[in-house]
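Read the structure below first, then the notes.
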Ligand code: HEC
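Residue numbers (the numbering used here): 175 to 317.
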């Protein structure tokens, strides 16, 4: 779509560069279409002027400076077949399936293990004198 916004977007409208009366940067714009009718038809997106223009089969050939490359065109067609979902509507184009086994590896789903707190096997080497005194729960506070 970035190939199109230059001439078909609200931005282009602001700068008076809008072409064909067509706004492609919103779903409303796509459904409303341009001078020759809706760019996409709700329910049957492939019937709008958009796909025809992209395929260069018809009077309007878009983008004007050359047909989109095969893979990009195929993406467009796929998108139109899906009903032209618009991520800006909050509709996800592709929902990643949840990987349950992978998710179970997350640390909080691991069974509890007996943890050995540091220092419980005895005072840390080289710290004998100070650590036992200051960390002993039985030592009386001098107050
Ligand atoms: C350089 C400017 C420019 C770019 C970039 C451009 N267009 Fe257009 N577009 C036009 C012009 C000008 C018209 C009117 C053409 C006509 O009526 O012959 C038009 C018309 C259209 C129409 C028909 C609108 C109608 O109802 O008449 C469609 C659909 C369309 N463009 C889709 C696209 C798509 C999709 C892209 C991107 C892949 C694109 N355009 C890129 C200039 C542009």
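The beta-carbon is built from N, C-alpha and C at its ideal position, and this holds for glycine as well.
Quick caveat: nothing in here was measured; it's all calculated off a predicted structure.
Limits of the unbroken alpha helix (DSSP H) element including residue i
| i | result |
| --- | --- |
| residue 180 | Element bounds for residue 180: n/a, residue is neither H nor E. |
| residue 233 | No alpha helix (DSSP H) holds residue 233; DSSP gives it neither H nor E. |
| residue 226 | 223-229 |
| residue 278 | 274-278 |
Chain-order list of residues whose beta-carbon lies under 8 Å from that of residue i (same chain, five-residue window excluded)
| i | result |
| --- | --- |
| residue 242 | 177, 228 and 250 |
| residue 290 | none |
| residue 192 | 181, 182, 183 and 186 |
Close Cβ partners of residue i (< 6 Å) along its chain, the five nearest in sequence each way excluded
| i | result |
| --- | --- |
| residue 226 | 232 |
| residue 224 | 213 and 214 |
| residue 195 | 208 and 209 |
Residue burial classification, residue i (beta-carbon count within 10 angstroms, cutoff 16)
| i | result |
| --- | --- |
| residue 214 | buried |
| residue 282 | exposed |
| residue 248 | exposed |
| residue 258 | buried |
| residue 186 | buried |
| residue 222 | buried |
| residue 204 | buried |
For residue i, three-class secondary structure by DSSP
| i | result |
| --- | --- |
| residue 218 | strand |
| residue 248 | helix |
| residue 195 | coil |
| residue 257 | coil |
| residue 211 | strand |
| residue 267 | At residue 267 the pLDDT is 45, less than 50, meaning the model places this residue with poor confidence and gives no usable figure here. |
| residue 289 | coil |
| residue 238 | coil |
| residue 283 | helix |
| residue 206 | helix |
| residue 190 | coil |
Residue i: CB within 8 Å of a non-hydrogen atom of the ligand MN
| i | result |
| --- | --- |
| residue 195 | As for the ligand MN, it is missing from this structure, which binds only the ligand HEC. |
Own chain, CB closer than 7 Å to residue i, minus 5 neighbours either side, in chain order
| i | result |
| --- | --- |
| residue 183 | 197, 198 and 199 |
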